[in-house]
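Below is one structure, written out as structure tokens, with a few remarks after it.
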Ligand SMILES: Nc1ncnc2c1ncn2[C@@H]1O[C@H](COP(=O)(O)OP(=O)(O)OP(=O)(O)O)[C@@H](O)[C@H]1O
Ligand SMILES: Nc1ncnc2c1ncn2[C@@H]1O[C@H](COP(=O)(O)OP(=O)(O)OP(=O)(O)O)[C@@H](O)[C@H]1O
Ligand SMILES: [Mg+2]
Ligand SMILES: [Mg+2]
């Protein structure tokens, strides 16, 4: 039985290595979390305090200074709205590309990706002028549309790859069963690929939630999401590490928790029991 | 005939997306094109005039222009290499079942959910600060002089931050892909006398070819436009050590308020990005659309 | 109901204003205040974009001594004439008012003003048997720094702004250059960067900071240095007088009570050796609620407001530098150990005559032309690069000279009949 | 009533003709099997009937109605796909009731129909499972159930058994036969397994490269194939083919043995003699019974218990397959002889057309 | 020399015993088939032999060397997987030469060996294709080729034909038999298709729920199954089982018909009579030949051309399968009788153990 102990040892080493890597990658977030419960002086002290009396003072100050719920609600509305709008447009498009490809399909897909390459700052002034003229400055609608648009290419593209993994037979079966285009999509295609659609939606949600350029430049207060809140704490005068950590934690926590909850969904590939 | 009609109507489903993106692309692009031929400084609204290609010339001869192109390539290239290589290795490492696998995966993908601004702020102020940062403490612990990250290794530091943000994305995609890997293929290779390294080299890597293409493609698009991280940490400096093309365009647009030059810069950035994209598509294109 | 959207910077005084504004809302039923609090650079971009495109998003904006005259001249701001007598506009320092006035119209009211001063650790000086003169020279500063520099124990001789930016390193460097007898432009708007005073000044600055400064000085702006000084890591620090509030507050500072204050250092001249900066409130012309906005900004800069702050946060927290009456108060002078130096420095500043040699512009550390942002940012970046060891100072100044020349040419300064901005003339 | 008529149907993909003019009538309640090798166009024809592909030329009539241009959704046919194509996210019950729900049937009707189908297919205990939790054979039955509940005018099956293991295949085959009897429906069934064709069909259409070679009842095709292709395709093991040469009025095999053929037959040169393995007999030593005697060597012997296949190498002729009842004591490598009784022989001319059946 | 010995092997997954103590010897150059229903642990045993799973208890010896704990990489066995497990990104040639390259063979040797294997398997024209461009049968051959080039000590096949269609299955079966003869190697072959077991094996081990029920030559197992399980598993169509009841010294079937059994047999109560379909005869009218006569109704008739399976419903006994040579004119629904000749009957006691063979 020479092999078994070595195998077990190898497995243990691997498990330890995995945990180590995971903790290292996660450490900055952990450190941010810890710092958010320190006083400003503790946060800046050297050597760092690993054991300290936790305080909620930073959170109190932030909540006093800014209406966190207002920003969070804006984040939810804009990121969520953009995700819904994006999915509404991207799913049919991906459907068309995946099941009725033409010779140009590949080029159109690549063109879509290329629209993402214009740096935002380069078109800030034009977009600002357009929004001004449409009376959409500081409106959630504008953010929803813009977030949806900047994420659309990636969404179409991801959903397209998911759809291509679904056997076309299943769609034909639906047709034989009397389902039209709409029913085929709503009753068969979308439920089947909901894992992939969920990852796509979550990706769009994350990217919209974290978007800071447009949300900062096109909003003032009514529509300002959490990323704008972070900007207002990013460098106040004086000591600010702990407050910054607290506000960062507040800004990232909702999406992080959502991400954790959906981790299984995200990691899961498409599984079928439909075909032999 | 019958299916033709259906096909045609179903193809129309792509139109909303195409039209929306077309508008989103054409309108600002047209305005950008127009502005790029104007002398248009936001602070002198009355002074605009047609200047032909002068804005382009101005942008190209900006002292930091070539550095910024080089920085863009370095940034995109090294982050891609780090995330792809690191992502592959880490996802292979955590692929086998071990106690707490789910938690470790959660830890690994967490940075992806952090706003770029926050990520940059945390790294700059809490970790890489040469006086009070965690890394400085770590360095002292080992009796070393703390590294002054953003001053001495500015581009590297930005790369570390950006790579930290995108590594989870790569891990996420690769972990998912590894799950669909055929176990019997691995066993067949074992029977053929392949040890772990050979299996990794001959089976795992080829299996990951398409996911790698996906990661490279999506990341490249975002990395070409990295801005917030630079803005927050180094502001493009010291000197122009971390100025990339988008940041240069930003300097023109929002520091100098020279909309004309910024528009020209934006167009240049698009062209550069497309050149890189074509290069990438050449490199990985086949596995992108193959079924 | 009226809702006023106020764009402001996220420093301590402004944050206090935000907190106290509930008082205002209480006494002005139907007025709601919407705060957009941003970091300085972001705020400036945000405001400029909106105001220049007449976006109309803001009713009240927080702007500096640089924007006020420029934007006023463009008529982007509502002129603030006929101020009520109760406001006592003459109580405001004359040179501060002067900075906010174009063509005899006041375009913004000052919220607080700052000059640059020297902070030093009185305990360390005593320990080493040193004395800080009330108005030191830069050479003296270097000698002190050399003696006090002790990086082994986390003590750095001097902390100075190194972070690139026209409002960061270039503010300080502007005053050093002025002290060494340099200037940004000559009377024909030719850049004077590649001249001996600049070379001396910048070489001195880079040398001083590299030798006796904290690690990574090119990363440090006002905030970073404030944090370092408050954590007890700097023996000396030359920066804005507003830092005094934090430094002397035991809740936020480890060195409260151990700090001495002196005038900003000079060298060959003391002209322009200390800067003057004003954070002020103004009303964009695109605002649709100018009356309510005007009422608010007058409240926020009034004497009553200053008293309110003093009552609520203590005398030392009073927004400094705007009103003579503040410095007439013994309570304030006692509570704020830095007040006297601030007052002296502010009184001494003369933005109209900033340099040894004559110049066509107004402003100590700023040049009141729109191109200044671009020009100074660029030079600031290059100098910060030199400070981080990328390229030597002389090359950097040479490059800067050319780049500035290029920008000025593009903006049409050298086309006949010259003089693009008559309001920019002294 | 559902009688399916196909008139000179043609279909090509990207310029390649796949269906090259097919005429066929499937009577009401008939079980018609399309048999043919892989890639000959069976599925394509089925998909044309289903309306999943567009017809290039020709007509499809269902009870005299021209359905050539009707979309699939409105043809009222049911198809069982080769891959099952179950809806993975629905339970067995939902899979089966999907079509009825789309047709807006009321719940009572749906329950009744699904219940009945489930009973026929013994799916009742599985109704609330999802396809992933079913074995291959069970999935197969669900796919059939989905078709049954609709009571369509015609059932279309595309190689429904091709992926099942031997045991399940036999079982499901019987189930389908029983279904046909119970439902009394018109069925079209595609396969390339001739055992299925033989056991299930009322009528078999043998396809080859987009054309129908022969249509008829299974035994008819087995006994009287119109050409070599059909003869070779039906029967397992395959029919043995022995080339004939004409020699002074008579016929000889390649090894020179003379073959007596019925009088009045003129196959011309290049003819082939076909004989099924069960009509060859292994002999040994001096066996003097009638028929041509061919000497050779036993190369492989496959013993199935109930029967045995012997492969005998005959010099200059090749390997002949002999099927024998029961066990077979002789081992491989042994010299044996094969007796060929010409009364069971088929004869094909040089073009492969059958000119004589036994 | 490669003789494989398995000694009281046990294996459980998550507490469930899968292999419950297996003893088996596979002689050098023997072709041993593991036969058994799905899920009985055949693959698991094969994987234990291959070293892909850890043994819980027991030993595996190869030529007297204990290889129980040797990792798979070092056992020098070759395995052909049920799913083929070809490397999708490599060409056929690379698939086949992978093992040799890993073993650092020189190029000339590799080319020679791959060339030889490709020739045996008729893969030469396909060497530069990738697996995706191959048909099922071709992939199958590549998987075998990959095993052949290595010249391993033992070949392990895991249901290599289960994914092939009927025609290809027959063809590949022959190929494997030929290979065994040519290579003269020890082979272990897993299947649940008894036709494959019968035709290929020197030795068959019949598995059931993690145990070996019987080991022996195919015909031995067919003729003298030790129990009902083995009897039912071998033979297609399946053996018919008829329950017996004891009545005053003799035996009767469920419908009361008396059965004469060889003298001296005491099956006890609950015994079962087993008879293969080929030993039942359909009779009609007054057939007075010896044997028990059972009256019933023909329910299904499957005509394969060369033979016919008739399913006859006998009241209170159930359906009997009858296998008849050639065609069969009677149609379903007709009343017929079945003649049961007890000289061909097997007898099993209440526990299913065989107590008599014909
Ligand atoms: N959509 C299509 N586009 C192009 N060629 C096609 C298409 N569908 C089928 N073909 C071609 O038509 C020919 C006939 O295909 P079909 O699927 O009808 O064969 P089949 O008889 O069903 O074969 P199998 O028994 O293998 O299923 C094949 O050569 C196939 O490659
Ligand atoms: N890794 C495993 N973990 C848990 N259970 C397993 C594992 N491998 C096999 N089993 C279980 O062991 C039993 C035997 O599996 P095995 O694959 O050996 O069956 P088999 O005889 O090869 O069947 P088949 O003919 O369907 O391939 C099955 O019930 C299976 O669920
Ligand atoms: Mg087909
Ligand atoms: Mg198995």
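Residue numbers (the numbering used here), protein chains in the order written: chain F, 200 to 475; chain S, 92 to 382; chain Y, 72 to 497; chain B, 1388 to 1745; chain W, 1388 to 1745. Where a beta carbon is used, it is the ideal one built from N, C-alpha and C, also for glycine.
In this structure, DSSP gives residue 1716 (chain B) a state outside helix and strand, which the three-state scheme calls coil. For residue 1574 (chain W), the enclosing beta strand (DSSP E) starts and ends at 1573-1578. Per DSSP, reduced to three states, the secondary structure at residue 1671 (chain B) is coil, with no helix or strand assignment.
Relative to the non-hydrogen atoms of ligand 4, the Cβ of residue 1545 (chain W) comes within a distance shorter than 7 Å of at least one. Think of a sphere of 9 Å around the beta carbon of residue 1536 (chain W): no beta carbon from chain B falls inside it, the nearest being about 24 Å out. For residue 1689 (chain B) and residue 284 (chain S), the gap between their C-alpha atoms comes out near 35 Å. Residue 99 (chain Y) carries a coil assignment under DSSP once its states are collapsed to helix, strand and coil.
366, 368, 369, 371, 372, 374, 375, 376, 377, 378 and 379: these are the residues of the stretch 363-379 of chain F whose beta carbon lies less than 7 Å from some beta carbon of chain B, given in chain order. With a threshold of 7 Å, the Cβ atom of residue 1427 (chain B) counts as near ligand 1, since some heavy atom of the ligand is closer than that.
Between residue 358 (chain S) and residue 166 (chain S), the beta carbon gap of about 20 Å keeps them out of contact (Cβ cut-off 8 Å). Within the stretch 200-259 of chain Y, complete alpha helix (DSSP H) segments of at least 4 residues are found at 209-219 and 240-250, given in chain order. DSSP places residue 1397 (chain W) in the strand class (E or B) of the three-state scheme.
Taking a Cβ-Cβ threshold of 7 Å, the residues of chain Y close to residue 327 (chain F) are 120, 124 and 126, in chain order. If only complete runs of 4 or more residues are kept, the stretch 352-379 of chain Y shows the alpha helix (DSSP H) at 361-371, in order along the chain.
Going by DSSP, residue 1477 (chain B) is part of no alpha helix (DSSP H) at all; its letter is neither H nor E. Chain-order list of chain S residues neighbouring residue 1468 (chain W): 275 and 279, by C-beta distance under 7 Å. Taking a 10 Å sphere around the C-beta of residue 239 (chain Y), we find 16 or more other C-beta atoms and assign the residue as buried. Contact between the stretch 180-196 of chain S and the stretch 214-223 of chain S is absent: fewer than three C-beta pairs spanning the two stretches fall below 8 Å. Rounded to whole angstroms, the gap between the alpha carbons of residue 1590 (chain W) and residue 1421 (chain W) is 9 Å.
The criterion of a C-beta distance shorter than 8 Å is not satisfied by residue 1468 (chain W) and residue 1567 (chain W). Taking 7 Å as the cut-off, the C-beta of residue 1430 (chain B) counts as close to a heavy atom of ligand 3.
According to the DSSP secondary-structure assignment, residue 1419 (chain W) is paired through a beta bridge with W:1575 and W:1590. Neighbours of residue 353 (chain F) across chain S, judged by C-beta separation under 7 Å: 309.
Membership of residue 333 (chain Y) in the beta strand (DSSP E) is indicated by the continuous run 330-334. In the three-state DSSP reduction, residue 1491 (chain W) falls in the coil class, being neither helix nor strand. Taking a 10 Å sphere around the C-beta of residue 253 (chain F), we find fewer than 16 other C-beta atoms and assign the residue as exposed.
Contact residues of the stretch 1695-1717 of chain W toward chain B are 1710, 1712 and 1714 (C-beta to C-beta distance below 7 Å). Residues of chain B whose Cβ lies closer than 7 Å to the Cβ of residue 1574 (chain W) do not exist, since the nearest Cβ in that chain is about 16 Å away.
At a cut-off of 8 Å between beta carbons, residue 1460 (chain W) contacts chain S. The residue among W:1651, W:1390, W:1397 and W:1561 with its C-alpha nearest the C-alpha of residue 1440 (chain W) is W:1397. Taking residue 1466 (chain W) as reference, the option from W:1536, W:1579, W:1558 and W:1631 with the minimal CA-CA separation is W:1536. Under the 8 Å criterion on CB atoms, residue 1725 (chain B) is classed as non-interfacial with respect to chain W. With its beta carbon less than 8 Å from one in chain S, residue 462 (chain Y) belongs to the interface. Residue 285 (chain S) reaches chain W at 1460, 1485, 1486 and 1489, counting residues in chain order whose Cβ is nearer than 9 Å.
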